[in-house]
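Protein chains: 2
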Amino acid sequence: MRLAHHDIPEATLRRLPIYYRWLQETAATGTVHAVSCADLARALGLDPTLVRKDIETTGIVGKPRVGYPLGDLVAWIENFLGLNRPKAAVLAGTGSLGSALLGYGKFRSHGMQIVAAFDIDSEKIGQTIHGTEVQPLFCLSDFVRHRRALLGLIATPAGAAQSVADLMVNGGIRAIWNFAPAHIRVPQGIIVQNEDLYYSLASLSFKLEHRMSVTPAESELYVQNN
Amino acid sequence: MRLAHHDIPEATLRRLPIYYRWLQETAATGTVHAVSCADLARALGLDPTLVRKDIETTGIVGKPRVGYPLGDLVAWIENFLGLNRPKAAVLAGTGSLGSALLGYGKFRSHGMQIVAAFDIDSEKIGQTIHGTEVQPLFCLSDFVRHRRALLGLIATPAGAAQSVADLMVNGGIRAIWNFAPAHIRVPQGIIVQNEDLYYSLASLSFKLEHRMSVTPAESELYVQNN
DNA sequence: ACGTTCTCGATAACGAATTCTCGATAAAAG
DNA sequence: CTTTTATCGAGAATTCGTTATCGAGAACGT
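Chains as they are written, first to last, in the working numbering: chain R, 17 to 242; chain G, 17 to 242.
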């Protein structure tokens with residue numbers, strides 16, 4: 017029984033990439049050819065039923081007493097999450113974080129291709145960082161429009177985040193991955209995912225002080241969303 | 017009616033830093049002296065009742081028709097999350113991401129002080145990055161032990177993450193903030209928070225393809241946890 | 001001074017996510 | 001060939017988080 021895609025629980029969506037990574041690593045060893053939900057659950061410290069429900073959500077069907085063929089399952093989740101379909105992305109801000117992002121080679125194998133980088137600093141414009149030339153910020157909107165980029169990464173200082181987001185939206189971006197420690201506002205329908213280290217640090221700080229006993233189950237989860 | 021600290025819902029803990037940031041920014045303008053939960057809700061696009069419940073959880077008491085004194089509320093949440101109590105942290109891995117982390121000046125004002133950086137690359141050892149000298153990795157355990165560091169940041173390549181985590185645990189670390197795209201296993205009681213960009217990218221990829229209509233309410237949330 | 005309005009705080013209803021339970025099926029063992 | 005065992009898949013029950021509702025009290029307008 018297949019669910020409509022928009023009915024995928026947020027929590028499940030957070031866990032699928034975790035399964036994916038583990039399955040990929042396991043497949044890489046080449047020694048295993050089928051996995052059960054119980055295997056996954058054991059390895060990741062999660063409830064077996066929870067894992068089964070998550071896998072079931074993706075629509076793949078397994079065999080009793082065997083589980084799922086490992087290769088099939090990896091490919092299935094990859095396709096389900098869209099990691100095998102390339103999406104063009106642009107980056108704004110080429111400071112230390114922005115540069116680091118340009119260096120993440122495996123973004124490409126996860127479906128994201130950073131096709132351009134932008135900065136406002138004339139010192140940086142024209143430089144090449146990890147193979148990508150830095151362009152002036154005022155070109156961003158047009159570039160997004162003509163290249164039909166779907167995804168915009170913001171790695172600017174907080175103060176510039178909102179105006180950069182506006183430029184992206186103006187060019188017709190569909191989703192923004194925001195690394196700036198700032199709150200950005202976008203029109204309805206645009207997806208924003210914040211990767212805000214200060215938010216993350218704050219909850220870590222709390223847990224640290226209160227020694228929140230994190231069970232193995234929780235111990236693998238959660239995604240900074242928008 | 018005060019809740020025990022370990023009963024704070026994870027979801028609330030994810031939202032408190034968001035409130036905190038907005039309150040701080042609002043306080044900085046100097047024009048407002050009291051805020052209501054309704055104000056917060058309006059500004060952040062959340063349900064007013066939800067905000068009220070979250071604020072209530074922290075135990076502060078407000079006044080009908082007025083709300084909360086802005087300064088008090090900021091200080092209260094700051095104290096509640098522990099942002100005002102400094103915690104010593106060590107960093108492992110001084111590649112582009114590690115360097116970027118050393119440059120995040122505001123970590124200190126959020127209660128985290130990176131007191132040492134470690135790397136295995138002899139080229140990097142001895143260098144000073146943003147004022148912190150890079151030490152050889154084999155010193156990590158002892159340093160953590162003697163300095164009683166509570167928090168360890170891992171910004172190494174995936175392959176090194178587990179062994180570095182082991183070193184930290186060995187030195188008596190209490191929490192690990194893991195930026196490496198790898199799964200690390202630690203003994204019960206150690207807090208692990210993963211800041212895994214590939215996990216995050218995967219769910220973003222899915223949402224992008226399925227145009228998941230993100231309501232304003234969802235539009236502000238979620239934290240990559242461990 | 002008095003009523004109105006706004007907001008806190010608490011309780012109740014609702015919905016989503018997780019966990020529990022069971023039946024069906026395929027492999028393995030006897 | 002039959003029994004046992006491990007696993008999927010579906011549905012029920014439970015827990016947890018969010019949303020709705022209501023009463024009480026403080027500022028404001030008249």
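Note that beta-carbon positions come from the ideal geometry of N, C-alpha and C, so glycine has one too.
Looking at the DSSP output, R/Leu167 sits in a beta bridge with R/Ala105, R/Ala191. Secondary structure of G/Gln178 (DSSP, three-state): helix. Taking a contact to require three or more Cβ pairs closer than 8 Å, the region 197 to 212 of chain R and the region 170 to 186 of chain R qualify as touching. Of all C-beta pairs linking the region 86 to 93 of chain R to the region 115 to 133 of chain R, fewer than three are shorter than 8 Å, placing the two stretches out of contact. The closest CA to that of R/Glu41, considering only G/Gly175, G/Ser216, G/Cys53, G/Pro33, is found on G/Gly175. Taking CB atoms only, G/Trp92 has no neighbour in chain R less than 8 Å away.
G/Val67 is the residue among G/Thr45, G/Gly121, G/Val67 whose C-alpha sits nearest the C-alpha of G/Leu32.
Put simply, the CB of G/Gln209 is near chain R, with a gap under 8 Å to one of its CB atoms. Counting along the chain, R/Gln151 sits inside the beta strand (DSSP E) bounded by residues 148 to 152. At a cut-off of 8 Å, the C-beta of R/Ile136 has no neighbouring C-beta in chain G. If one requires a minimum length of 3 residues, the beta strand (DSSP E) runs lying completely within the region 71 to 124 of chain R are 103 to 108, in chain order.
When Cβ-Cβ separations below 8 Å define contact, R/Lys69 makes no contact with chain G. G/Lys103 has a beta carbon lying within less than 8 Å of a beta carbon in chain R. Linking R/Tyr120 to G/Ala218 through their CA atoms gives a straight-line distance of about 15 Å. For R/Pro33, the neighbours in chain G by C-beta distance under 7 Å run, in chain order, Tyr214, Tyr215, Ala218, Ser219. Contact between the region 77 to 89 of chain G and the region 42 to 49 of chain G is present: three or more C-beta pairs spanning the two stretches fall below 8 Å.
R/Ser221 counts as buried, since no fewer than 16 other beta carbons sit within 10 angstroms of its beta carbon. Identification of chain G residues near R/Met128 by a Cβ-Cβ cut-off of 9 Å yields Leu217, Leu220, Ser221, ordered along the chain.
Under DSSP, R/Ile130 shares a beta bridge with R/Ala105. Contact annotation: G/Gly127 and G/Arg101 have beta-carbon atoms nearer than 8 Å. The beta-carbon distance between G/Ile189 and G/Gly168, rounded to whole angstroms, is 5 Å. This is short enough to meet the 8 Å contact definition.
Scanning its chain for C-beta atoms nearer than 6 Å, with the 5 sequence neighbours on each side dropped, one finds around R/Arg161 the residues Gly187, Gly188, in chain order. G/Leu29 belongs to the set of residues whose beta carbon lies under 8 Å from a beta carbon in chain R. Between R/Trp38 and R/Ala59, the C-beta gap is smaller than 8 Å, which places the two residues in contact. The C-alpha of R/Leu153 is placed about 29 Å away from the C-alpha of R/Ser216. Exposure of R/Val77 is indicated by the presence of fewer than 16 other C-beta atoms within 10 angstroms of its C-beta.
Straight through space, the alpha carbons of R/Ala104 and G/Phe123 are spaced by roughly 32 Å.
Among the residues facing chain R, G/Ser112 is included, as its CB has a counterpart in that chain under 8 Å away. Straight through space, the alpha carbons of G/Glu149 and G/Arg163 are spaced by roughly 16 Å.
Of the residues assessed, R/Thr73 falls on the buried side of the cut-off, its CB having 16 or more other CB atoms within 10 angstroms.
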